[in-house]
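For reference, each letter of the sequence shown is one residue, going -9 to 251 in this note's numbering.
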Amino acid sequence: MFLPLEQLKYHDFTLKNINIFHQTPAYRILNPRPNGRRANGFLYILHGRCRYTFEGGSFELVPGSVTYLPSGSKHTFEVLSESIEFYRIDFDVVIEEEIVRFSTGPIKLCHSAGHACSEAVQRLADGYEFLHDSVAKTALLCTIFHSLEMESASKSAAKLSPAVRYLLEHLTEKVNCAHLASICYLSTAQFYNLFREEFGCAPLEYRNSLILQKAESFLRSGSFSVTEISEMLGFESVSYFSRFFKKHNGKSPSVFQKEKM
């Protein structure tokens, strides 16, 4: 299940399999695993600089930077400084018994984490490394989430907010990057690169994740048929909707609905 990070606050969720690791790797380049990253998680840079490169973009991290790394993500990690030190925080976010991913690729969440986030990361590392999940451990991760949510109200996010609002309000309509860029007063290239850096995916991939989330919600409710949901979401045909859903969810709408009822 995909869910934009900024929408997590609107859902009931649980956090599981929380682990934090202090790392000072000796390697200079780490190439993608064949099947992508094994776990969801954050990377918090303590010292040094690095670059993440993935399909469609790249960004650099410096001390204090935090990035989100989804499970299954295929990216290259390159150390740019003499050495590097960081905390890796792995976790699962679960909504209605499904593990959530916030993007398909890395997202740079902030250039410099605030005091609350830094303190929570350090307390998590000092007191809960290798320990089982607990109320205190979960609370610290929630503090990190909340702090990063506040950080996400950045200048980039503010610039892109008209496009995000448009996508939410016109979910069933066809859109293109040129129009989204124009309402943000950016060139198409500026808009695309900024959006990719801010959300970790292309604008239309983001829109698809919103449509998929809505479709899953309708199917779980059991109140609508697959054909009705297809029409409600603006698909030209139920077969096109079924192909779209299976491509992004891995299951056909009818199979998904049966499993959830």
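For every residue, glycine included, the Cβ atom is placed at its ideal position computed from N, Cα and C.
Here the structure is a predicted model, which means the values were calculated and not measured.
Closest to residue 84 by CA distance: which of 223, 240, 6 is it?
Ranked by how close their Cα comes to the Cα of residue 84, the residues 223, 240, 6 have 6 in first place.
If distances are taken between C-alpha atoms only, which option among 249, 66, 55, 161 comes closest to residue 75?
Among 249, 66, 55, 161, the Cα nearest to that of residue 75 is on 55.
Out of curiosity, what's the CA-to-CA distance linking residue 0 and residue 160?
Straight-line measurement puts the Cα of residue 160 at about 20 Å from the Cα of residue 0.
Taking only runs that begin and end inside the stretch 2 to 64, name each unbroken beta strand (DSSP E) of 3 or more residues, in chain order.
If we require 3 residues or more, the beta strand (DSSP E) runs fully inside the stretch 2 to 64 come out as 4 to 13, 30 to 37, 40 to 44, 47 to 51, 56 to 59.
Rounded to whole angstroms, what's the CA-CA distance from residue 22 to residue 245? Just pull it up for me.
Cα atoms of residue 22 and residue 245: separation of roughly 32 Å, rounded to the nearest angstrom.
I need the DSSP call for residue 162, collapsed to helix, strand or coil.
Reduced to three states, the DSSP call for residue 162 is coil.
Would you please state the rounded distance, in angstroms, between the beta carbons of residue 152 and residue 132? I believe it to be under 8 Å.
That belief does not hold up - the Cβ atoms of residue 152 and residue 132 are roughly 30 Å apart, past 8 Å.
Return helix, strand or coil for residue 123, following the three-state DSSP convention.
Coil at residue 123, not helix or strand.
Host alpha helix (DSSP H) of residue 230 (start-end):
From DSSP, the alpha helix (DSSP H) with residue 230 extends over 228 to 239.
Does the structure place the stretch 210 to 228 close enough to the stretch 185 to 194 that three or more beta carbon pairs sit under 8 Å?
Touching, no, given that fewer than three Cβ pairs across the two stretches are closer than 8 Å.
Could you tell me the distance, in whole angstroms, from the CA atom of residue -7 to the CA atom of residue 60?
Residue -7 and residue 60 have their C-alpha atoms roughly 12 Å apart.
Per DSSP, residue 80 is paired with what?
Beta-bridge partners assigned by DSSP to residue 80: 9, 31.
Should residue 233 be labelled buried (16 or more other beta-carbon atoms within 10 Å of its own) or exposed?
Classified as exposed, residue 233 has fewer than 16 neighbouring CB atoms from the shown chains inside 10 Å of its CB.
Reduced DSSP category for residue -8 - H, G, I as helix; E, B as strand; rest coil
In the structure shown, residue -8 sits in a strand (DSSP, three-state: E or B).
Give me, in chain order, the residues of the same chain whose beta-carbon lies closer than 6 Å to that of residue 64; leave out the 5 immediate sequence neighbours on both sides.
Answer for residue 64: 22, 26, listed in chain order.
Secondary structure of residue 92, DSSP reduced to three states:
Reduced to three states, the DSSP call for residue 92 is coil.
In terms of residue numbering, what span does the beta strand (DSSP E) encompassing residue 99 cover?
Unbroken beta strand (DSSP E) run through residue 99: 97 to 100.
Roughly how many whole angstroms lie between the Cα atoms of residue 113 and residue 157?
In a straight line, the C-alpha of residue 113 is about 38 Å away from that of residue 157.
Identify, in the order they occur along the chain, each residue of the same chain with its Cβ nearer than 7 Å to the Cβ of residue 138, setting aside the five sequence neighbours on each side.
A distance below 7 Å between beta-carbons, with the five flanking residues on each side excluded, links residue 138 to the following residues of its chain, in chain order: 56, 99, 100, 107.
Out of 30, 219, 199, which one is the CA nearest neighbour of residue 89?
Closest option to residue 89, Cα to Cα, is 30.
Does the stretch 176 to 188 come close enough to the stretch 36 to 50 that 3 or more CB-CB pairs lie under 8 Å?
The stretch 36 to 50, when compared against the stretch 176 to 188, does touch it at the 8 Å Cβ threshold.
Quick check on residue 85: does DSSP put it in helix, strand or coil?
Three-state DSSP puts residue 85 in a strand.
Find the nearest neighbour of residue 62 within the set 93, 53, 71, 18, judged by alpha-carbon distance.
Checking every option, the nearest Cα to that of residue 62 belongs to 93.
From which residue to which residue does the alpha helix (DSSP H) around residue 117 run?
Element bounds for residue 117: 105 to 118.
Using 10 angstroms around the beta-carbon of residue 230, count the other beta-carbons present and answer buried if the total reaches 16, otherwise exposed.
Exposed is the label assigned to residue 230, since fewer than 16 other Cβ atoms lie within 10 Å of its Cβ.
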